[in-house]
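A.B. asks:
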Amino acid sequence: MNINVIHSFDLSLDEMKAIQQSLRQQIQITPYPGQPKDVAGVDLAYFPDDRRAVAVIVIMDYATQQIKETVYHIDEVVQEYVPGFLAFRELPLFLKAWEKLHYEPDLVFFDGNGMLHPERVGLATHASFFIGKPTIGIAKTHFIGEYPEPQKTQGSVEWIKDQGDVVGAVLRTQDGVKPIYVSVGNYIDLPSVLRLTQHFVGKESRIPEIVRQADLLTKQLRKQALAEEA
DNA sequence: GCGACAG
DNA sequence: ATCTTGTCGC
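Per the numbering used here: the first sequence = residues 5 to 234.
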């Protein structure tokens, strides 16, 4: 099965699930030694009409956390949101923005899950097969799996298990705040995911800085686009 | 059958 | 995700 069928408009749930099951067999979990040079953060924001969205990619220097490049793409959204199939809704827009990049990031953070997914092929995992880069999934709310409640202090971590597999981790990024849910996208392992994610957790935000910057820009560009149309 | 359900 | 102000709490 060709993964490029993702560009089709009318895949059935069974067809999408078949694609995920095919991709699952090709996941490669491996440590990510050392530090990446450039990392990317990806996020989307939807317009009020619910027909369009803006996809944003922010490139940041890993060591200094300085933003080196930002690209975006505004277009029609062709797939409705169905839990478990977010990739089919968001990847088309993301890929168009990806083509506009001048930098080639070594690692990419997505707003959503990686293997923390019923078929182990969430947004971050699915995307990795198109871009061929290590990916990480960062979700703000629980999706699947069971886990013990992490301690209330910053840095507390617990594994998330689903059907006997460790599929991700819950991470308390600040004292007393709701935790985030992190998982392997592809071409990386969970310990590396936690290490690289915590590098972007500052003092102020609950969300890793690389993802937060993409999120902020996404809403800023939507506001700008709406203003220009008025 | 009922509830849950990334963004 | 998005619609939205004030307000409870540290």
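Glycine residues also receive a C-beta, built at the ideal position from the N, C-alpha and C atoms.
Is DSSP giving glutamate 162 helix, strand or coil here?
C.D. replies: Start at 1 with the first residue of the first sequence, and residue 162 comes out as number 158. Reduced to three states, the DSSP call for glutamate 162 is strand.
A.B. asks: Taking DSSP as the reference, what is the three-state secondary structure of arginine 56?
C.D. replies: On the first sequence, position 52 is the one that residue 56 refers to. In this structure, arginine 56 counts as strand in the three-state DSSP scheme.
A.B. asks: Give me the Cβ distance between alanine 44 and proline 122, rounded to the nearest whole Å; I'm assuming they're in contact under 8 Å.
C.D. replies: By one-based count along the first sequence, residue 44 stands at place 40. By one-based count along the first sequence, residue 122 stands at place 118. That belief does not hold up - the Cβ atoms of alanine 44 and proline 122 are roughly 26 Å apart, past 8 Å.
A.B. asks: Between the Cα of leucine 220 and the Cα atoms of Ile33, Asp54, Val60, which residue gives the shortest distance?
C.D. replies: Residue numbering aside, residue 220 sits at position 216 when the first sequence is read from its first letter. Among Ile33, Asp54, Val60, the Cα nearest to that of leucine 220 is on Val60.
A.B. asks: Can alanine 143 and valine 161 be called in contact, C-beta distance under 8 Å?
C.D. replies: On the first sequence, position 139 is the one that residue 143 refers to. On the first sequence, position 157 is the one that residue 161 refers to. No, these two residues do not count as a Cβ contact at 8 Å.
A.B. asks: In terms of residues, what are the limits of the alpha helix (DSSP H) holding histidine 130?
C.D. replies: For the purposes of this step, residue 130 is identified with residue 126 of the first sequence, where counting begins at 1. Its alpha helix (DSSP H) spans residues 127–135.
A.B. asks: Please state if the CB of valine 171 and the CB of leucine 120 are separated by a distance shorter than 8 Å.
C.D. replies: Taking the first residue of the first sequence as 1, we reach residue 120 at position 116. Taking the first residue of the first sequence as 1, we reach residue 171 at position 167. A contact, by the Cβ cut-off of 8 Å.
A.B. asks: Would the beta-carbon of lysine 104 fall within 8 Å of that of aspartate 79?
C.D. replies: Position 100 of the first sequence holds residue 104. Position 75 of the first sequence holds residue 79. Not in contact: lysine 104 and aspartate 79 (Cβ atoms no closer than 8 Å).
A.B. asks: Which value, in whole angstroms, describes the spacing of the CA atoms of leucine 27 and alanine 234?
C.D. replies: The count along the first sequence starts at 1 and reaches residue 27 at position 23. The count along the first sequence starts at 1 and reaches residue 234 at position 230. If you take the alpha carbons of leucine 27 and alanine 234, they lie about 43 Å apart.
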